[in-house]
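One structure is given below, encoded as structure tokens.
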Amino acid sequence: MAISSSLTDCENSQEPTIPTRIGAGSFAAVFASPGRTIAIKVAHAPDHTAQVEWEFTSLQAVLAATQNDNDALFIVPRPLAFYDPQSQRLVFPPPPRPSSPIGHEATASRRRHTPRQPPFTPDFFSNLPPRPCYVMDRASPLPPHIANRIRMHFYPESAVGSVPPPLICRLYLGKELRPSAFVNPVNFPLDAARYDLLRDWDEDVPSKDEVAEGMGEMLALIHWQAGYDARDVEFVMSGAPKSTGLRFYVIDFNQMRAFDRDEGDVSELVDAFFVNDPYYPRPIPGDALYDSFKRGYVRACPEDRRTRADLFLQAIEAREEEKHHNPEV
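Here it is in structure tokens:
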């Protein structure tokens, strides 16, 4: 990857000093660019241009649908550029509105976009694998004091001295994690019990009820403002650039599907909700975390789509009840 020599060294000791792959899934790999708060998602296959561009465009739509909520806990990474190395086609999104928020930090006030043209050219992508990709905001590594606390208290003893602290954390509010000898420092899981302990140690960490409410709010915005089913999106806790605070992101949009917000049943939304298990609290009426999730979901739903949103909530509660009586569902 061709990166300007004027870039500064990374501020966090966990950051790579050269362009480095920081994660991979079945569809793509993600690379970090040293000294910059950006990530590049590169498809594994050269013929996936349409899929990568679709994700880039969908992310623009989700950002537009969610960026006006100044109080949202979770935010969406800005898509900055799409590149197809076969045609050398470079696409930028429309300039952001100056008043659009970029997110919430747990220990600092909310900040807003400064409009700018990202300095990407085909040369920027020349040392990446020659496959379709796009650039977006990166979820920065966790603040060192929080990352080290997670390593000391939640890693198995055998990994404390040999595995680095986590970069970001998945937020699993719908599952109780069992002890495991395997540690993923790139994307470490926190369940509700672990999150409660972290909150006890640091009062600047939002409560798990705030996290649950934020998940519901973001899901409703993706459903009823953007028009996507949110299939396989991830809710993560990360650091905030140039800050000791936290930032909460929803990431990974390549499996989302558009749906009809005005007609038809909501079964595809229900299926997508359970595919994303275990991020969301289990939809059990009366459960405190689910009630927080539901409150955020209803609050963020536009008035003209409340009836269909209620159908979705009733359907996931019914599916969960059915799973309780028949675990094979």
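By this note's numbering, the letter at position 91 of the sequence shown is numbered 135, and the numbering carries on one by one without gaps. Every residue gets a Cβ at the ideal spot worked out from N, C-alpha and C, and that includes glycine.
Through-space distance from residue j to residue i, alpha-carbon basis
i, j, result
"ARG349", "GLY330", "24 Å"
"PRO327", "ALA83", "33 Å"
"ASN112", "ASN370", "41 Å"
"GLY283", "MET196", "18 Å"
"ASP276", "LEU107", "17 Å"
"ASN170", "LEU234", "Reading off the sequence shown, one finds Ser at residue 170, where the question assumed Asn. Going from the Cα of SER170 to the Cα of LEU234 covers about 37 Å."
"PRO166", "ALA68", "23 Å"
"ALA72", "LYS85", "6 Å"
"LYS338", "PRO325", "10 Å"
"LEU51", "GLU347", "Residue placement at LEU51 is flagged as unreliable, the pLDDT there being 29, under the threshold of 50; a coordinate-derived value is accordingly withheld."
"GLU364", "ALA116", "27 Å"
"TRP133", "LEU172", "In the sequence on display, residue 133 carries Arg and not Trp. So the two alpha carbons sit approximately 15 Å from each other."
"THR388", "SER206", "Shown here, the chain extends from 45 to 373; a query on residue 388 therefore has no answer."
Residue interval of the alpha helix (DSSP H) (run including residue i)
i, result
"ILE190", "188-198"
Residues of its chain near residue i, where Cβ-Cβ distance is below 6 Å and the 5 sequence neighbours each way are ignored
i, result
"ASN192", "PRO209"
"PRO7", "Residue numbering for the chain in the displayed model covers 45 to 373; residue 7 lies beyond these limits and cannot be assessed."
"PHE118", "GLY258, MET262, PHE292, VAL294"
"GLU220", "ASP235"
"PHE136", "ALA125"
"SER336", "ASP253, ALA256, GLU257"
Bridge partner(s) assigned by DSSP for residue i
i, result
"ASP128", "ARG133"
"PRO214", "Inspection of the sequence shows that residue 214 is occupied by Arg rather than by Pro. In the DSSP output, where bridge partners are listed per residue, ARG214 has PRO233, VAL280."
"TYR272", "ALA302"
8 Å Cβ shell around residue i - same chain, five flanking residues per side excluded
i, result
"SER224", "PRO200"
"SER184", "ASN56, THR81, SER282, GLY283, ALA284, PRO285, ARG291"
Cutoff 7 Å; reference residue i; Cβ partners in own chain excluding five residues on either side
i, result
"SER102", "TYR272, PHE297, MET300"
"ALA362", "none"
Boundaries of the beta strand (DSSP E) in which residue i is found, first to last residue
i, result
"ARG65", "64-68"
"ASP85", "Contrary to the premise, residue 85 reads as Lys rather than Asp in this sequence. It spans 82-87 - the beta strand (DSSP E) in which LYS85 sits, taken as one unbroken run."
"TYR293", "290-295"
"ALA76", "72-76"
"VAL376", "Residue 376 cannot be examined here, being either before or after the span of the chain that is shown, 45 to 373."
* Counting pairs of Cβ atoms below 8 Å between the segment 229-246 and the segment 313-321, do you hit three or more? -> no
* Asked: For the segment 294-306 against the segment 267-276, are there 3 or more C-beta pairs whose distance is under 8 Å?
  -> yes
* Asked: Does the segment 246-253 come close enough to the segment 78-92 that 3 or more CB-CB pairs lie under 8 Å?
  -> no
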